[in-house]
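All remarks here apply to the structure that follows.
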Amino acid sequence: MNRLARLTAGVTLAAGVLSAPAAVAAADPAADVLSVDFSRGTGEFRGGATGTLYGFGDDGAPTQALIDGAHITNTSQKAPYGTQHPSGDAIKVEDGFFRKHGRDMYIYVQDYYPDWSYHGGVRPGDTRTYNQADGTYTSTPNGIWDYLEVVEFVTEAVATTSSRPTDYVFIPFNEPDGGNWYADWGRLKDTFLADWKATHDKIQQVYARHGLGHARIGGPGDTRWQPERSADFLTYADANGVLPDVFIWHELGIDNLRTFRSHYTDYRALEKRLGLSPIHVNITEWGMLRDMGTPGQLVQWLSIMEDLKIDGQTAYWAYAGNLSDNSARANAANAGWWMFKWYGDLAGSRTVAVTPPALNTVDTLQGIASVDRLNRRATVLYGGGAKPVSLRLSGLDRNVFGKRVDVEVREITLAGAEGVAGTPRVVKVLDGVRLDRGTIDLDVPTYDRYAAYQVLITPEQDRTPVAGAVWSTSVEAEDTSLTAATVYDQDPLSGGGWKFLASGSRDVGSFNRPTSRADWTVTVPRTGSYRFQVIGGAPGVPGRHALFVDGANPVIVQYTADLALTAVQRWQYRGSSEVTIPLTAGTHSLSLRAGLDGSTVLPNSDITLDKFLLTDVTDGEPTAYPAPALRYFGGAHVTYDIAGARGHATIRGERQRADAYVHAWETGYHDLGLDYRSAGRTDVDVTVNGRSVAAVSASRAGGWRSTVRLHLSQGINEIEIRSRKGILLQQLTTTRVAHADTAAVTIEAEDTVRHGAVAITSHPDTSGSNASGGRSIGYVGLGAGNTFEIARRPGFDRPGAYDIAIGYANAELGGRHDYNPQVIDRRLEVTETGGGSAYGYFRYTYAWNSFLEKTIPITLTTSGGSLVFGNPLAYAPDVDRITIAPAVLGRPVTVPLSPRRSGA
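Written out as structure tokens, the structure reads:
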């Protein structure tokens, strides 16, 4: 097999270093150069830059798969029983946070107050007496500073109700230099310093009386780097024995990409001048609206913090529970989530020197690189520039990587804050390239400055890496042929960063006339089924367009509502819509239109258009997750020392496992294929979203493909692979099997048995709602009798593991805030009569007639016990329909894996 013959076009090979066909193009002279020296280590990977502020809303919002995949190590949340926001209570979200990768739970103690700025922006005095048992108060002074009583109550709550109190970090003051009590430093410096000591001492006293040892405290928490205030603070804190365990300030703004490093340098110089040992730094708020969900922006920030080995938390500009706009829908990834995931994949590695075209410059190419010696994997993450990129990779140790290497480049492009981004596609490969002097030069085109790229370098594998395994293409909406629509420039620097970005920095709007249309001429390679995806912004209401193929056969493109509570969000907080269409091989005109007949518009068709994508899904869109791209725990790792299994993962024993985060475009059945080798009879346990659902086995030594038909949730699904007797895992592959969905049972909510106040709501066609059949039910909950009930029937009439997918709406807000939508996650409980129960929290959907989907896994223990849905304590979400599906269909199938199929 001539492996070198499969080099992807566009790769530049250093003279005398790599062997390649003469036709390979030279380096692009207009490209940006990103140099990586893998021989120059810069320290252990810290991995703390993707922390969040209020990234967690309630238990399960975001879902565990999103949390674990994003590898969140630190977060700041609301003080227990706080009233600043309806959700985000640290105690309520800690189980999900700490389940895998969470290390440090920070809490904003002042978020106990309901208003912003806190307490009207004025330092409280002594006008209240707090009941330390429940946090209530009377308007009576008691000789104790009111806020000190709040600090004691909050600390006591953590000490007595948290399962991980020693993993908390208390932040007594948030932005004291802003509108929160101490802005006038000349007049209030002494007050703040005394208050810092008082709160510090009180927190320690509470932990001491519970035998918890030293409580970690972070501060001062200024809005920006404040050299004078910081010097005064550290001098006082050192003299009085109340130094913070974590030094905190915020980096908010566009220009902070230029000044960030200098602020850090100034801080470390200040420590040295004062004779202090280095204190860990966490930038507990960083970035602007324009950065969230945008991988090319995020990587610029992450590269700074990883370079400095400090932690950071994304600023909280929208609402709680969506990882600061770095996830989509109830359980899906946007492009920002994949950037978080790639960054988390570096855990266990050591970072190396990266030289970008320019440091400390706004909106430029930046990168992070590392070497994982255990798994023999080198990684480069980069993005932020608009030009093509020439990667100059040097210092690759032949003792680690051998004589030949494989290189895979994956791309993720902007999909909007609420737009779904699928598994990043492989856009370029080098297969078995000879490695001399440890150097590779590689040219990669750049989609736009908002895209990001992952480069994986491994020793040569016994798997053939493939670029573009599934055909896909895209076009910017502004590059289509437009009628009765307007192209708008979306300047990333406008508004001081208070904007959500558009792919290519332009989008299409004023798409609100009967004749409005966007025509795209596209050529597809074969006859089959294709997914057409639109990235666009539906301003607070669901809406519709019509997609014509060659001027006929219109298909309705249904949009769910997007966030539009402010002018900044309206039309800019972009989501996505997907439809599947049949196409014959050849060239077609795809015409997206605001109306069906050219004389009337479809409901709420005034939707901005950013980008169109077309993907071949004829074969179920098989998507491979190769062993070198997975995460490993308990000693499992990738090996290159076994003939026939180079690049396979060795997994053996109950403690070893591999984690994969697989994407499903829609809820339904998928075939999960496991390609592996075994030295003898073996077994493999498959866990999906925390539940062991299948065991596969091989009867003897050899290469095998075991296939399990799984029910996956729309979005991200966490799959864990274990093997007691041991396997060498080559890859996982997921393939959609839509015809198997007939095994699931779907019930319209209005057809269930309703009890109490539960009522049917009709959604007229003119509303643009995506409610199935135009109806839903509401007023579920807020009383034990307000429920709906589903009798058992064929399809879920046996005990076993099931998924219950709920189409739901929740537009409840609670309270007012200057810029954070005060969303409330609604809880829905399902109880099996005579059996067990399960529940889920359902996030905000922007409108009561706009429905998203979330899955509740449940294990049924009876054959006939009906399913009762409700919430005795508060309202549940409105419900459109319910789909109940067995978690697994049939029995797993294992067949020999032929060499021809290996790596397919």
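Residue 710 in my numbering is what sits at position 718 of the sequence shown, and the numbering runs on without skipping anything. Where a beta carbon is used, it is the ideal one built from N, C-alpha and C, also for glycine. Note that the structure is predicted; figures quoted are calculated from it, not measured.
**Asked** If you draw a straight line from the C-alpha of VAL880 to the C-alpha of TYR794, how long is it?
**Response** Numbered from its first residue, the sequence shown carries residue 880 at position 888. Numbered from its first residue, the sequence shown carries residue 794 at position 802. One C-alpha to the other measures close to 8 Å.
**Prompt:** Closest by CA to VAL685, which one among GLN706, ILE711, LEU666?
**Reply:** Position 693 of the sequence shown holds residue 685. Out of GLN706, ILE711, LEU666, ILE711 has the C-alpha closest to the C-alpha of VAL685.
**Request:** Could you tell me whether the Cβ atoms of GLY394 and GLU452 are closer together than 9 Å?
**Result:** Sequence index remark: in the sequence shown, residue 394 carries index 402 (1-based). Sequence index remark: in the sequence shown, residue 452 carries index 460 (1-based). Yes.
**Asked** Shortest alpha-carbon distance to ASP364 belongs to which of ALA413, ARG342, ASP103, ILE643?
**Response** Mapped onto the sequence shown, residue 364 falls at position 372. ASP364 has its Cα closest to that of ARG342, out of ALA413, ARG342, ASP103, ILE643.
**Prompt:** Where do the ends of the beta strand (DSSP E) carrying ASP182 lie?
**Reply:** In the sequence shown, counting from the first residue as 1, residue 182 sits at position 190. Careful: ASP182 lies outside any beta strand (DSSP E), inside the alpha helix (DSSP H) at 177 to 201.
**Request:** Check LYS84 in the structure and name its three-state DSSP category.
**Result:** The sequence position of residue 84 within the sequence shown is 92, counting from 1. It is helical.
**Request:** Mind checking which residues open and close the beta strand (DSSP E) that includes THR44?
**Result:** Mapped onto the sequence shown, residue 44 falls at position 52. Per DSSP, THR44 belongs to the beta strand (DSSP E) from 43 to 45.
**Asked** beta strand (DSSP E) containing MET297: first to last residue?
**Response** In the sequence shown, counting from the first residue as 1, residue 297 sits at position 305. First-last for MET297: 287 to 300, but that is the alpha helix (DSSP H), not the beta strand (DSSP E).
**Message:** I need the DSSP call for ASN915, collapsed to helix, strand or coil.
**Reply:** Residue 915 lies beyond the residue range present for the chain, which begins at -7 and ends at 896; the question has no answer from this structure.
**Message:** For GLN648 and HIS629, what's the separation of their Cα atoms in angstroms?
**Reply:** Taking the sequence shown and counting its residues from 1, the one referred to as residue 648 is at position 656. Taking the sequence shown and counting its residues from 1, the one referred to as residue 629 is at position 637. Between GLN648 and HIS629, the C-alpha separation is close to 9 Å.
**Message:** Which of the three DSSP states is assigned to ILE876 in this structure?
**Reply:** Start at 1 with the first residue of the sequence shown, and residue 876 comes out as number 884. In this structure, ILE876 counts as strand in the three-state DSSP scheme.
**Asked** Is THR251 helix, strand or coil when you go by DSSP?
**Response** Looking up residue 251 in the sequence shown gives position 259. Helix.
**Prompt:** Okay, do the stretch 124 to 140 and the stretch 53 to 67 touch, 3+ Cβ pairs below 8 Å being the bar?
**Reply:** no
**Asked** Do VAL500 and SER569 have their CB atoms nearer than 9 Å?
**Response** In the sequence shown, the residue the question calls residue 500 occupies position 508. In the sequence shown, the residue the question calls residue 569 occupies position 577. For VAL500 and SER569, no; Cβs fall outside 9 Å.
**Message:** Quick check on the DSSP output: the beta strand (DSSP E) that includes ILE846 runs from which residue to which?
**Reply:** By one-based count along the sequence shown, residue 846 stands at place 854. This sequence places Lys at residue 846; Ile is not what is there. Residues 844 to 852.
**Item:** DSSP state of PRO884 mapped onto helix, strand, coil
**Value:** Within the sequence shown, residue 884 is the residue found at index 892, counting from 1. Three-state DSSP puts PRO884 in a strand.
**Request:** Alpha carbon to alpha carbon, how far is LEU385 from ARG32? Give it in angstroms, no decimals.
**Result:** As a working note, residue 32 is residue 40 in the sequence shown. As a working note, residue 385 is residue 393 in the sequence shown. Looking at the two C-alpha atoms, the distance is approximately 12 Å.
**Message:** I'd like the list of long-range same chain contacts for THR847, defined as Cβ closer than 6 Å, with 5 residues on each side in sequence excluded.
**Reply:** Reading the sequence shown from its first residue, position 855 is the one you call residue 847. Cβ neighbours of THR847 beyond the five flanking positions: SER705, ASP795, ALA797.
**Message:** I need the boundaries of the beta strand (DSSP E) containing TRP278, first residue and last residue.
**Reply:** Locating residue 278 in the sequence shown gives position 286, counting from the first residue. Note, TRP278: beta strand (DSSP E), 272 to 278.
**Item:** Secondary structure of GLU712, DSSP reduced to three states
**Value:** On the sequence shown, position 720 is the one that residue 712 refers to. If DSSP states are grouped into helix, strand and coil, GLU712 belongs with the strands.
**Message:** Cutting at 6 Å between CB atoms, please list the residues of its own chain near GLN446, excluding the five before and the five after it.
**Reply:** Here residue 446 is taken as the residue at index 454 of the sequence shown, counted from 1. Around GLN446: TRP334, LEU373, ARG402.
**Prompt:** Does DSSP put LEU262 in a helix, in a strand, or in coil?
**Reply:** Sequence index remark: in the sequence shown, residue 262 carries index 270 (1-based). Helix, per DSSP.
**Request:** With a 10 Å radius around its C-beta and 16 neighbouring C-beta atoms as the bar for buried, classify ARG638 as buried or exposed.
**Result:** Counted from its first residue, the sequence shown places residue 638 at position 646. Buried: at least 16 other Cβ atoms inside 10 Å.
**Message:** Output needed for THR191: all residues of its chain with C-beta closer than 6 Å, excluding positions within five of it in sequence on either side, in chain order.
**Reply:** Numbered from its first residue, the sequence shown carries residue 191 at position 199. Once the five neighbours on either side are set aside, the close Cβ partners of THR191 are VAL143, PRO164.
**Prompt:** Below 9 Å between beta carbons: does that hold for LEU249 and ASN323?
**Reply:** Reading the sequence shown from its first residue, position 257 is the one you call residue 249. Reading the sequence shown from its first residue, position 331 is the one you call residue 323. Going by C-beta atoms, LEU249 is not nearer than 9 Å to ASN323.
**Asked** Going by the beta-carbon positions, is the gap between ILE360 and GLU298 smaller than 9 Å?
**Response** For the purposes of this step, residue 360 is taken as the residue at position 368 of the sequence shown. For the purposes of this step, residue 298 is taken as the residue at position 306 of the sequence shown. Yes.
**Message:** Between ASN367, ALA407, ASP428, which has its C-alpha nearest ARG396's C-alpha?
**Reply:** Translated into the one-based positions of the sequence shown, residue 396 becomes position 404. ARG396 has its Cα closest to that of ASP428, out of ASN367, ALA407, ASP428.
**Prompt:** Which class does GLN102 belong to by DSSP, given the choice of helix, strand or coil?
**Reply:** The residue you call residue 102 lines up with position 110 of the sequence shown. Three-state result, GLN102: helix.
**Prompt:** Per DSSP, what kind of secondary structure is ARG534 in: helix, strand or coil?
**Reply:** For the purposes of this step, residue 534 is identified with residue 542 of the sequence shown, where counting begins at 1. The residue asked about is misnamed: residue 534 is Pro in this sequence, not Arg. In the structure shown, PRO534 sits in coil (DSSP, three-state: anything other than H, G, I, E or B).
**Message:** Using the Cβ count rule (16 or more neighbours within 10 Å means buried), how would you classify ARG201?
**Reply:** Along the sequence shown, one-based indexing puts residue 201 at 209. Label assigned to ARG201: exposed.
**Alpha-carbon to alpha-carbon, PRO878 and PRO884** = The count along the sequence shown starts at 1 and reaches residue 884 at position 892. The count along the sequence shown starts at 1 and reaches residue 878 at position 886. Rounded to whole angstroms, PRO884 to PRO878 spans 14 Å at the Cα level.
**Asked** Nearest to VAL146 by CA position, among ILE83, ASP107, ARG156, is which residue?
**Response** Within the sequence shown, the letter at position 154 stands for residue 146. Cα-wise, what sits closest to VAL146 is ILE83.
**Asked** By Cβ distance, which residues of its chain are closer than 6 Å to SER508, with the 5 residues on each side in sequence left out?
**Response** Numbered from its first residue, the sequence shown carries residue 508 at position 516. The residues are ALA476, ALA477, ALA586.
**Message:** Less than 9 Å between the C-beta atoms of SER79 and GLY313, yes or no?
**Reply:** Working through the sequence shown from its first residue, we reach residue 79 at position 87. Working through the sequence shown from its first residue, we reach residue 313 at position 321. Cβ atoms of SER79 and GLY313: closer than 9 Å.
**Message:** By DSSP's criteria, PHE90 is part of a beta bridge. Which residues make up the other side?
**Reply:** To locate residue 90, count along the sequence shown from 1; it is residue 98. BP columns for PHE90 are empty, so no partner.
**DSSP-derived helix/strand/coil call for TYR256** = Reading the sequence shown from its first residue, position 264 is the one you call residue 256. Note: TYR256 maps to helix in three-state DSSP.
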